[in-house]
Amino acid sequence: MTPKEKAKQLFEKIFFEIQSDELGRCYQSAKQCTLIAVNEILKAVNNEDETYLMRHSVNYWSKVKQELELL
0 MTPKEKAKQL FEKIFFEIQS DELGRCYQSA KQCTLIAVNE ILKAVNNEDE
50 TYLMRHSVNY WSKVKQELEL L
């Protein structure tokens, strides 16, 4: 799954769980919640040993975060 696809998937999972009368407010809340989740993943991955797999994970989740910020 590309970072863009993963960003959209995570966003949609959270977006449809948030209930709000104002669609724009719901959208921004879902985006912020998704960014919080990705930041937590990045923190956890960055705390691991510097292996190729970890560097790949950091790179992937950083790209997911960039795609989320573009939503």
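Each residue of the sequence shown is one higher than the last, beginning at 0 in numbering that gives the first Met the number 0. We treat Cβ as the ideally placed atom computed from N, Cα and C, and that holds for glycine. In this text, all values refer to a predicted model and were calculated from it rather than measured experimentally.
Distance, residue j Cα to residue i Cα
i	j	result
residue 58	residue 21	34 Å
residue 2	residue 62	6 Å
residue 50	residue 16	35 Å
residue 68	residue 45	20 Å
residue 60	residue 8	13 Å
residue 53	residue 5	18 Å
Residue i, buried or exposed, once every other Cβ within 10 Å from all chains shown has been counted against 16
i	result
residue 66	buried
Reference residue i, options the options, closest by Cα
i	options	result
residue 13	41, 31 and 50	31
residue 70	34, 1 and 43	34
Complete runs of the alpha helix (DSSP H) confined to the stretch 8–46 [at least 4 residues]: Listed in chain order, the complete alpha helix (DSSP H) runs (minimum 4 residues) inside the stretch 8–46 are 22–45.
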